[in-house]
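When we follow this note's numbering, the leftmost residue of the sequence shown carries the number 28, and every step to the right adds one. Using N, Cα and C, we set each Cβ at its ideal position, and we do this for glycine too.
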Amino acid sequence: MAQKYPLSKKERRGLAEEIRRHSSQLASAILSANEVVIIRTRVGKRKVTIYLIDMFPALVKENDIIFPTIYLVRRISWKPFVVVDKGAAERIAKGAHVMVPGIVKVSEDFEKGEVAVVYDEEEKPIAIGLALMSKEEIERSRRGKALRNLHYDKDKICKLMATLLA
28 MAQKYPLSKK ERRGLAEEIR RHSSQLASAI LSANEVVIIR TRVGKRKVTI YLIDMFPALV
88 KENDIIFPTI YLVRRISWKP FVVVDKGAAE RIAKGAHVMV PGIVKVSEDF EKGEVAVVYD
148 EEEKPIAIGL ALMSKEEIER SRRGKALRNL HYDKDKICKL MATLLA
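Here you go:
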């Protein structure tokens, strides 16, 4: 059963501050929105909190990790990010983790544990990942898992958001 309630102004300011370094555009949207609502629910065995900004599914929080939805990164920029080649993109878009050999570009410096957007070579967002390596480690390494796939298009989170908003 999903629990749904609006965020207070104080909670909105805290959320905006947490997000600002990744997207100043989103931080401003959080503060200027008519309504920011959170929905606490389950996706399979996963406990998640979904943040709706003026009824738009913008963020997801799971295990104290807050990350943008695929829907959001199609509209605004989010840093950091990685770009992957076509072969990797096909697998990542189906839920695979991001492996070092598939990465063709890494944005600004980021550390292990940060959330990053994964783009294909046509600059289309395909997934949201949690960095298992820093930018420096990715650039030095030739193999290994660089990011854990947290969310991708048509995953269970997307399906849940579609039912909640229907």
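Is residue i helix, strand or coil when you go by DSSP?
i: M160; result: coil
i: R47; result: coil
i: L205; result: The structure shown does not extend to residue 205, since the chain is modelled only from 28 through 193, so no value can be given for it.
i: A154; result: strand
i: T96; result: coil
i: K181; result: coil
i: A189; result: helix
i: A56; result: helix
i: R169; result: coil
Quick check: residue i and residue j, are their CB atoms within less than 8 angstroms of each other?
i: T76; j: R69; result: no
i: H124; j: R48; result: no
i: K106; j: E62; result: no
i: Y179; j: I119; result: yes
i: K183; j: G114; result: no
i: A29; j: L191; result: yes
i: T170; j: V131; result: The amino acid at residue 170 is misidentified as Thr; the sequence shows Arg. No, they are not a contact pair.
i: E138; j: A158; result: yes
i: Y32; j: I80; result: no
i: V110; j: E148; result: yes
Taking all protein chains shown into account, do 16 or more other C-beta atoms lie within 10 angstroms of the C-beta of residue i, making it buried, or fewer, making it exposed?
i: L177; result: buried
i: K162; result: buried
i: S50; result: buried
i: L99; result: buried
i: A173; result: buried
i: Y146; result: buried
i: A189; result: exposed
i: M160; result: buried
i: G129; result: buried
i: P152; result: buried
i: R39; result: buried
i: G41; result: exposed
i: E156; result: Here residue 156 turns out to be Gly, not Glu, going by the sequence shown. Buried.
**Message:** Between the stretch 88–98 and the stretch 135–148, can you find at least three pairs of beta-carbon atoms closer than 8 angstroms?
**Reply:** yes
**Message:** Pairs of beta-carbons, one from the stretch 162–175 and one from the stretch 52–61, closer than 8 angstroms: are there three or more?
**Reply:** no
**Request:** Quick one: which unbroken alpha helix (DSSP H) runs of 4-plus residues sit fully inside the stretch 71–146? Chain order, please.
**Result:** 97–100 and 113–119
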